[in-house]
Amino acid sequence: MSDYKKGMLVQHTTLGLGKIVALDHKAVHVFFANSQDRFATKLRRDLAEPFLSLASSTDRWLTGLSAFAFDERAARYRISDPWISDADAIARFVEVYPDGFRDVKYTTGDGKAGRERSLKWRRAHQAFSETLGNGEGERLLAAGDVTTIVDRACQVERHVRPLLSAAEKSLFADALSDAGVARGYFEALFELLAAPAPDETRFDALASAVATLPANETPESAWYVATVLPFVAQPDRHMILRPKITCAAAQRLRFELAYRPEPSWATYAALLQSSGDLLEKLRSLGASDHVDVEVFTHVALQKHSRPAAAVAPAPARRH
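For the sequence shown, the numbering used here assigns the number 228 to the initial residue and increments by one for each residue that follows.
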């Protein structure tokens, strides 16, 4: 192909999917999705043409990249979007927890602020299991005791409120303030949790039920209400989506999200796929479920002192 255009997605026979970020009369500059550095690859037009073709697939993350600047010293185009390589993300996590997810500071929290994140999620999971798990929630629902379910659900969610922003702290309790309306939410929730795996029909039913709850001032606010209890109840299957944080993680850690402001299966399925891929990459550090993925993401997005070169490079970008 010779009709190159800036912004075009292309497929290279060996380097994979990429985006053309700049053109000159002799070269085409392509940033490849699996790149582990911040520079686009400079390809001579005459040599690259037999290996390039118009991409047959799309990539939302790659398509969304737009901030590239020419680096005079390297004579190459450098991405300026604030993404973090896998190696850097792991370096940041290991800086805080040298023994990974087995580190005593991770498993016990050691009393320091910010190091009890996993414990709070685990305590919420235990509380759900003890008060609404093993069929107890369904039994209460069948008996028409929605008020007790709401009270217990709010007690469960209270374990993680210290992790929330000020705007999020009242979302869950406010949404369940009308026990009559909340019944539909819990019916859909228990149906989703009863499935052998998350599926579109049941998640969409939960999203529809959340949309009827009070206090959903914006479409984005429904995401937390829709995903917090599935995540707490089954962290091996489900993942929490908090729009501001999750979208930032998708951008900076380079994973597919297909985000939509209102809860939808397309976005949630993309989140589960990306979280599952990341979990597999973290198992060598001792990760066991999506709680570990959530904490890893939180730590990786913080600023720490040690550079990524201190650890071995991690596998390529998640798709």
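Glycine residues also receive a C-beta, built at the ideal position from the N, C-alpha and C atoms.
**Study point:** Sheet register partners of Gly243 (DSSP bridge)
**Key:** Locating residue 243 in the sequence shown gives position 16, counting from the first residue. Bridge partners of Gly243: His239.
Practice item. Pick helix, strand or coil for Leu270, following the three-state DSSP scheme. Key: What you label residue 270 is simply residue 43 of the sequence shown in a count that begins at 1. In this structure, Leu270 counts as strand in the three-state DSSP scheme.
Practice item. Answer yes or no: does any C-beta atom of chain B fall closer than 8 Å to that of His386? Key: Absent from the structure is chain B; it holds one protein chain and no more.
Review point. Touch check for the stretch 359 to 366 and the stretch 397 to 412: three-plus C-beta pairs under 8 Å?
Key: no
Review point. Given that a residue counts as buried once 16 or more other Cβ atoms are within 10 Å of its Cβ, and exposed if not, what is Gln529?
Key: As a working mapping, residue 529 is identified with position 302 in the sequence shown. Result: exposed.
**Study point:** Separation of His465 from Phe259, as counted between CA atoms
**Key:** As a working note, residue 259 is residue 32 in the sequence shown. As a working note, residue 465 is residue 238 in the sequence shown. Between Phe259 and His465, the C-alpha separation is close to 30 Å.
Practice item. May I have the straight-line CA-CA distance separating Gln478 from Ala485, to the nearest angstrom? Key: Translated into the one-based positions of the sequence shown, residue 478 becomes position 251. Translated into the one-based positions of the sequence shown, residue 485 becomes position 258. Using only the alpha carbons, I get a separation of about 11 Å.
Practice item. Locate the beta strand (DSSP E) running through His517, then write down its first and last residues. Key: For the purposes of this step, residue 517 is identified with residue 290 of the sequence shown, where counting begins at 1. Careful: His517 lies outside any beta strand (DSSP E), inside the alpha helix (DSSP H) at His517 to Ala527.
Exercise for review: Name the two residues that bound the continuous beta strand (DSSP E) containing Phe259.
Suggested key: As a first step, residue 259 must be located in the sequence shown, where it is residue number 32. Where Phe259 is concerned, the enclosing beta strand (DSSP E) stretches over Ala254 to Phe259.
Point to revise | Reference Pro470, options Pro425, Glu489, Arg265 and Ala438, closest by Cα | key: As a position in the sequence shown, residue 470 is number 243, starting the count at 1. Answer by Cα proximity: Glu489.
Point to revise | Where the beta strand (DSSP E) through Leu403 begins and ends | key: On the sequence shown, residue 403 is found 176 positions in, with the first residue counted as 1. Where Leu403 is concerned, there is no enclosing beta strand (DSSP E), given that its DSSP letter is neither H nor E.
Point to revise | Val248 versus Glu418, His239 and Gly234, residue with shortest Cα-Cα distance | key: On the sequence shown, residue 248 is found 21 positions in, with the first residue counted as 1. Nearest option by C-alpha distance: Gly234.
Exercise for review: Note down the Cα distance separating Ser283 from Leu244, rounded to an integer number of angstroms.
Suggested key: Taking the sequence shown and counting its residues from 1, the one referred to as residue 283 is at position 56. Taking the sequence shown and counting its residues from 1, the one referred to as residue 244 is at position 17. Using only the alpha carbons, I get a separation of about 9 Å.
Exercise for review: Give me the Cα-Cα distance between Asp330 and Arg305, rounded to the nearest whole angstrom.
Suggested key: By 1-based counting over the sequence shown, the position of residue 330 is 103. By 1-based counting over the sequence shown, the position of residue 305 is 78. Spanning the two alpha carbons is a distance of roughly 36 Å.
Review point. Is the distance from the Cβ of Leu440 to the Cβ of Phe430 below 8 Å?
Key: Numbered from 1 along the sequence shown, position 213 holds the residue referred to as residue 440. Numbered from 1 along the sequence shown, position 203 holds the residue referred to as residue 430. Not in contact: Leu440 and Phe430 (Cβ atoms no closer than 8 Å).
Review point. Which residues bound the beta strand (DSSP E) around Phe320?
Key: The residue given as residue 320 occupies position 93 in the sequence shown. Element bounds for Phe320: not the beta strand (DSSP E) but the alpha helix (DSSP H), Asp313 to Val323.
Check your understanding: Relative to the C-alpha of Glu241, which residue among Gln382, Asp230 and Phe278 is closest?
Key -> The sequence position of residue 241 within the sequence shown is 14, counting from 1. Before going on, a small fix: residue 241 reads as Thr here, not Glu. For Thr241, the nearest C-alpha among the options comes from Phe278.
Review point. Across which residues does DSSP place Asp298 in a beta bridge pair?
Key: Within the sequence shown, the letter at position 71 stands for residue 298. Partner(s): Arg303.
Review point. Is it true that the CB of Ile467 sits closer than 8 Å to the CB of Val455?
Key: Counting from 1 along the sequence shown, the entry for residue 455 is found at position 228. Counting from 1 along the sequence shown, the entry for residue 467 is found at position 240. In contact: Val455 and Ile467 (Cβ atoms closer than 8 Å).
**Study point:** Neighbourhood of Ala275 by C-beta distance below 7 Å, restricted to the same chain and skipping five residues each side
**Key:** Position 48 of the sequence shown, counted from the first residue, corresponds to residue 275. Only Val255 meet the Cβ criterion.
Review point. Going along the chain, which residues of its own chain have a beta-carbon closer than 7 Å to the beta-carbon of Leu433, five neighbours each way excluded?
Key: Start at 1 with the first residue of the sequence shown, and residue 433 comes out as number 206. Contacts found: Ala415, Leu416, Leu419 and Ala453.
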